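In my numbering, the protein residues as written are 94 to 158.
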């Protein structure tokens, strides 16, 4: 049952939730340290076999010349 009229017109009913957080620390004038995190929450309304969640994080150094 559709919750809203626009839901009937949707081409593919799904929910996607992707919050992100990041931090950049300047180590020197030319070097930055980066830390980032992302969370994926993908849910289909009809076919539940493709739902997934994931936590992704990474660290990096950025060099500027």
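By construction, the Cβ of each residue, glycine as well, lies at the ideal position given by its N, Cα and C atoms.
Since the model is a prediction, treat every value here as computed from it, not as a measurement.
Exercise for the section: Take residue 107 and list the residues in its own chain whose beta-carbon comes closer than 6 Å to its own, dropping the five residues that flank it on each side. Expected result: 137
Handout entry: residue 143, enclosing beta strand (DSSP E) - first and last residue
Key = Neither: residue 143 is in no beta strand (DSSP E) and is coded neither H nor E.
Exercise for the section: Kindly list the residues whose CB is nearer than 6 Å to the CB of residue 120, restricted to its own chain and excluding five residues on each side of it in sequence; keep chain order. Expected result: 126
Handout entry: For residue 127, the first and last residue of its enclosing beta strand (DSSP E)
Key = 124-137
Exercise for the section: Return the chain-ordered list of same chain residues with a C-beta closer than 8 Å to the C-beta of residue 156, the five sequence neighbours on each side being excluded. Expected result: 123, 124
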